Amino acid sequence: MSRVGFEPGDRIYMLQLEPALRRDMVKCAGQLAARQPAFKKGSLSAKLDEGLILCTSASATDLEKLRVSDLVKVRIKDGTLIGGGKPTPVLPAHLALYRALGPAVTAVFQAAPEVDEQLDRLSRSLGAGSWQTVEYGGYKVLVVAADALDSITPEKLEELKVQIKPDISGLYSSRAGLFLSSESLAAASAAAVASATSAAPTSSAAPAVSAAAPAPAGLGATCQTCRIGQGGQPSQPRQADQDGQGGIAPAGSLYTIGGYVGNSIFAGGKSRPVRDRDCNECGRCTKSGGSLPSAQIEAVSQIISRLSEEELALIVAEAVCEVLAEKNLL
Numbered sequence: 147m148s149r150v151g152f153e154p155g156d157r158i159y160m161l162q163l164e165p166a167l168r169r170d171m172v173k174c175a176g177q178l179a180a181r182q183p184a185f186k187k188g189s190l191s192a193k194l195d196e197g198l199i200l201c202t203s204a205s206a207t208d209l210e211k212l213r214v215s216d217l218v219k220v221r222i223k224d225g226t227l228i229g230g231g232k233p234t235p236v237l238p239a240h241l242a243l244y245r246a247l248g249p250a251v252t253a254v255f256q257a258a259p260e261v262d263e264q265l266d267r268l269s270r271s272l273g274a275g276s277w278q279t280v281e282y283g284g285y286k287v288l289v290v291a292a293d294a295l296d297s298i299t300p301e302k303l304e305e306l307k308v309q310i311k312p313d314i315s316g317l318y319s320s321r322a323g324l325f326l327s328s329e330s331l332a333a334a335s336a337a338a339v340a341s342a343t344s345a346a347p348t349s350s351a352a353p354a355v356s357a358a359a360p361a362p363a364g365l366g367a368t369c370q371t372c373r374i375g376q377g378g379q380p381s382q383p384r385q386a387d388q389d390g391q392g393g394i395a396p397a398g399s400l401y402t403i404g405g406y407v408g409n410s411i412f413a414g415g416k417s418r419p420v421r422d423r424d425c426n427e428c429g430r431c432t433k434s435g436g437s438l439p440s441a442q443i444e445a446v447s448q449i450i451s452r453l454s455e456e457e458l459a460l461i462v463a464e465a466v467c468e469v470l471a472e473k474n475l476l
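147 is the number of the first residue of the sequence shown in our numbering; add one for each residue after it.
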């Protein structure tokens, strides 16, 4: 059988990857809600490929009870809903992080506003159009005015995108809550859990501005996995909890579960952690000329190339049946 290749958006790609990502998101949401109550009433999104995300629907108000059918598909570029359902009202904040940080971000969690009183007070003290960056639990968070994430227009979304610099990992407003982004579901979950025990936020910049500053060149080109930014040195990837029994594997690792190869990192097979290495070797960021989806595609293509036509047909058939069952069509 010849080597099979495909691109994000292709039918086989979606049939194979989407059901697995939906299951990962449900499992991760349940574990996070159990460990960090502030995130129980939040929202979650994760990249299906560089152009699409899966995010919680407007009706999914409890992450602890999230189901695969509670996730809707949205185009990152313009926020267009693909298929049925209605996305979470805070979708614009998710999209702002994905658009600003590019391939460096693969998942975003949102916590309820009451996650931290000091962040809440800071947000309420800011005037319209003002913002401030703070260090919070080891992450740099952009705190915006209370109503800044309400009814975001395309123009306001672009302004917000410009304010999100490459070293920023999250957003906070006293109405919408805390949004934390990371390179994987597991890493984002670990960041959310860590935020519960973080020290009081400390200010790293306090410019109150009415107009956004120009975005720096190469926005989104920083590799979140190797932590190489503006000429910096690689550091150890963030580690998520690992219970050894199908829990969360180390952040930044690739895993296989069934026919799916991804980076959302639940241990369903062998994990291969991404080791510290030069940015041009990781193949996961724009500085190396690669992207996360291309790494996924290559890994899946290698697996498919070793399958017989009968095995491939069986995998596709099982994926189709699973999708139909989830939609109550089977």
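Heads up, the beta-carbon is just placed ideally off N, CA and C, and yes, glycines get one too. Predicted model, so just to flag it, every value in this text is computed and none were measured.
Terminal residues of the beta strand (DSSP E) in which residue i lies
i, result
"ARG221", "217-221"
"LEU478", "In this structure the chain extends from 147 to 476, so residue 478 is not present and cannot be described."
"PHE325", "323-328"
"PHE255", "253-257"
Cβ distance (whole Å) where residue i is taken to contact residue j below 8 Å
i, j, result
"ALA334", "ALA246", "In fact, because the Cβ distance is near 16 Å, the residues do not count as touching under 8 Å."
"LEU326", "ASP170", "Not really, about 17 Å apart at Cβ, beyond 8 Å."
"THR202", "SER189", "5 Å"
"ALA291", "SER276", "6 Å"
"LYS219", "LEU194", "7 Å"
Pair within 7 Å by beta-carbon distance, residue i and residue j
i, j, result
"ALA239", "LEU324", "no"
"LEU200", "ARG221", "no"
"SER320", "LYS286", "no"
"ALA166", "LEU209", "no"
"LEU303", "VAL289", "no"
"ALA204", "LYS232", "yes"
"LEU243", "VAL251", "yes"
"VAL261", "ALA184", "yes"
"ARG168", "LEU237", "no"
"LEU265", "TYR318", "yes"
Coil, strand or helix - residue i by DSSP
i, result
"LYS286", "strand"
"ASP195", "strand"
"ILE461", "helix"
"GLY176", "helix"
"ILE228", "strand"
"PRO312", "coil"
"LEU331", "helix"
"SER482", "There is no way to answer for residue 482, as the model of the chain reaches only from 147 to 476."
"VAL214", "helix"
Range covered by the alpha helix (DSSP H) that runs through residue i
i, result
"ALA239", "237-247"
"SER269", "263-271"
Neighbour-count burial assignment, residue i, 16 or more Cβ in a 10 Å radius
i, result
"LEU470", "exposed"
"PRO235", "exposed"
"ARG213", "exposed"
"ALA226", "In the sequence as displayed, the identity of residue 226 is Thr instead of Ala. THR226 is exposed by the Cβ-count criterion."
"GLY229", "exposed"
"GLY284", "exposed"
"GLU301", "exposed"
"LEU178", "buried"
"LEU475", "exposed"
"ALA294", "buried"
"ALA463", "exposed"
"ALA478", "There is simply no residue 478 to check, as the chain begins at 147 and stops at 476 in what is shown."
"LYS211", "exposed"
"ALA465", "buried"
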